[in-house]
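Peer 1: Here's a structure for you.
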Amino acid sequence: MRMRRYFQSLYLLPLVVTASYAAPPLPSFYGDAPDDSHPWAVHDRNRPQPAIVTPGTFSTQEQPGKPPSDAVVLFSGKSDDLAGWVSDKNPQEATRWEVVDGAMQCVPGAGYIRTKEEFGDCQLHVEWAAPSKVEGDSQGRGNSGVFLMGQVEIQVLDNYNNPSYPDGMAGSLYGVNPPAANALRPPGEWQSYDIIFRRPVYNGDELVDPGYVTVFVNGVLVQDHTPLEGPTGHKGRTKYKPFPEAGPLKLQDHGNPVRYRNIWYRPLPKRPVEGGTDGKLSKEATAAKRAEIAKSILEDAETLEGRAKWHRIAESLIYYKDPVVVDKIIEATEAYEAKLEEASADDIEAKKAEIMEASNALQYLIKFDRLPSDLPLAAKLKEIITEREWDKKK
Ligand code: MG
406 MRMRRYFQSL YLLPLVVTAS YAAPPLPSFY GDAPDDSHPW AVHDRNRPQP AIVTPGTFST
466 QEQPGKPPSD AVVLFSGKSD DLAGWVSDKN PQEATRWEVV DGAMQCVPGA GYIRTKEEFG
526 DCQLHVEWAA PSKVEGDSQG RGNSGVFLMG QVEIQVLDNY NNPSYPDGMA GSLYGVNPPA
586 ANALRPPGEW QSYDIIFRRP VYNGDELVDP GYVTVFVNGV LVQDHTPLEG PTGHKGRTKY
646 KPFPEAGPLK LQDHGNPVRY RNIWYRPLPK RPVEGGTDGK LSKEATAAKR AEIAKSILED
706 AETLEGRAKW HRIAESLIYY KDPVVVDKII EATEAYEAKL EEASADDIEA KKAEIMEASN
766 ALQYLIKFDR LPSDLPLAAK LKEIITEREW DKKK
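For what it's worth, this note's numbering labels the leading residue of the sequence shown as 406, then goes sequentially.
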């Protein structure tokens, strides 16, 4: 009888141990703790799981591929899709570009077109084809352009056997940086651009991130995180200026009937510099995020009971060393230590897993200065483990 009562009370004791509960079955009190620039621990199980995206398929010359499941489709090949585009000069007017055989074709003289949709940082996929009938040379052959946020041109040009000034060739950041390679297919064939675009970020008048563009032409890397230098110009050196948060995608009418198909984008997560919480953050942003994580863990703890609850409360200390929580945990360890003093050798043996886990949690919190290093329970648990050689691999 006495034994059963003992186990019941030990089991219900507020105790810092891992137990099976709703949180993912991953280790906590594990990788290096959050610091001044990382709000998450290394291998942090509390970190949100990535969004599930069903990948698309690759295009062939005959047929465009399928976009990934979370893509915003700007042109899929249907005439109806033109409703999402307007004349750039007169945005009240529909575009005069035409849809022919599933492709959106520039009608020379109709002017640039732009999407009604506005967006900023993105992964953008665009496919284009220069006219198969070769006419003109240099900048006059199959010229168009993809204007990110309507301001930064990634050049579209038929440079297959057609040299031009390198900073104006297909895949160039026009006027700024040539493509690292000329990976074009012959005119008439479909070319694909995969672009990763980060707009410049300002804090008032101060440029805090220049923005970057990465471009793959037909799967070949041609722009590798190339810093932007502001909006694209012609002949003149471009200069930085503040960008809005979003803008339309524009396609250039440069007088050639270039065709487009399969245009979609995926918005990108925010960079730390603009409030994103993945990556290295400022001290202030890290502190704010850590407090937020701790708060949500403590809220979650309220939905739990017994050991699971105490485990979760202790976990909040990894992110934020709240003195009130520290005191609560210390009190709980004192109560547990008192129970251990009364326990028989058999009782302790039966609680091996629990004790090992409690010890791990305490050692972790002490190592990262979340709990005092002279915590009596920590020493006691270590002693139990060493005496019984539980720490030795068998
Ligand atoms: Mg152009």
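All residues carry an ideal CB built from backbone N, CA and C; glycine is no exception.
#1: Can you tell me which residues fall inside 7 Å of ligand 1, judged by beta-carbon distance to its nearest heavy atom, and keep chain order?
#2: Terminal residues of the continuous beta strand (DSSP E) containing I559?
#3: Is it buried or exposed, A476, if we count other Cβ atoms within 10 angstroms and call 16 or more buried?
#4: Would you call the stretch 550–560 and the stretch 651–661 touching, i.e. three or more CB-CB distances under 8 Å?
#5: Grab the span of the beta strand (DSSP E) containing H630 for me, first residue to last.
#6: Among G576, E742 and S701, which one has its Cα closest to the Cα of E558?
#7: Per DSSP, P672 is paired with what?
#8: Residues in its own chain within less than 8 Å of P781 by CB, not counting five upstream and five downstream?
#9: Please go through the same chain and pick out, in chain order, the residues whose beta-carbon is closer than 6 Å to the beta-carbon of K646, but skip the five residues on each side of it.
#10: Could you tell me the boundaries of the beta strand (DSSP E) in which D779 lies?
#11: Which residues share a DSSP beta bridge with T520?
#12: Taking 7 Å as the cut-off, does the CB of E532 come closer than this to any heavy atom belonging to ligand 3?
#13: Below 8 Å on the Cβ atoms is my contact criterion, and I expect K688 with D506 to pass it. Report the Cβ-Cβ distance as a whole number of Å.
#14: Going by beta-carbon coordinates alone, are C527 and P439 separated by less than 8 Å?
#15: Spatial neighbours of F621 within its chain, please: C-beta separation below 6 Å, excluding the five flanking residues on both sides.
#16: Between G616 and the rest of its own chain, which residues show a CB-CB distance below 6 Å, the 5 nearest in sequence each way excluded?
#17: If you draw a straight line from the alpha carbon of G489 to that of A508, how long is it in whole angstroms?
#18: Given a cut-off of 8 Å, decide if I760 and L722 are closer than it, judged by their beta-carbon atoms.
#19: Report buried or exposed for E594, applying the criterion of at least 16 other Cβ atoms within 10 angstroms of its Cβ.
#20: Looking at C-beta atoms only, is the number of pairs between the stretch 520–538 and the stretch 636–644 that lie closer than 8 Å three or more?
#21: Quick check on the DSSP output: the alpha helix (DSSP H) that includes L745 runs from which residue to which?
#22: Report back the beta-carbon spacing between A535 and G525 to the nearest angstrom; my notes put them in contact at under 8 Å.
#23: Do V627 and A584 count as a contact pair if the criterion is CB distance below 8 Å?
#24: Measuring straight from C-alpha to C-alpha, what distance separates Y665 and Q510?
Peer 2: Quick answer:
#1: N548, S549, G550, E558, Q560, V561, L562, Y579, Q657 and H659
#2: V557 to V561
#3: buried
#4: yes
#5: V625 to P632
#6: G576
#7: C527
#8: T738, E739 and E742
#9: G635
#10: Counting along the chain, D779 falls outside any beta strand (DSSP E), and DSSP gives it neither H nor E.
#11: W490
#12: Ligands displayed in this structure: ligand 1; ligand 3 is not among them.
#13: Not confirmed; about 57 Å, so no contact.
#14: no
#15: D599
#16: R603, R604, P605 and L633
#17: 14 Å
#18: no
#19: exposed
#20: no
#21: P728 to E747
#22: Between G525 and A535 the Cβ distance is about 29 Å, and since that is not below 8 Å, they are no contact.
#23: The sequence shown places Pro at residue 584, rather than the Ala named in the question. Yes, the Cβ-Cβ distance between P584 and V627 is below 8 Å.
#24: 6 Å
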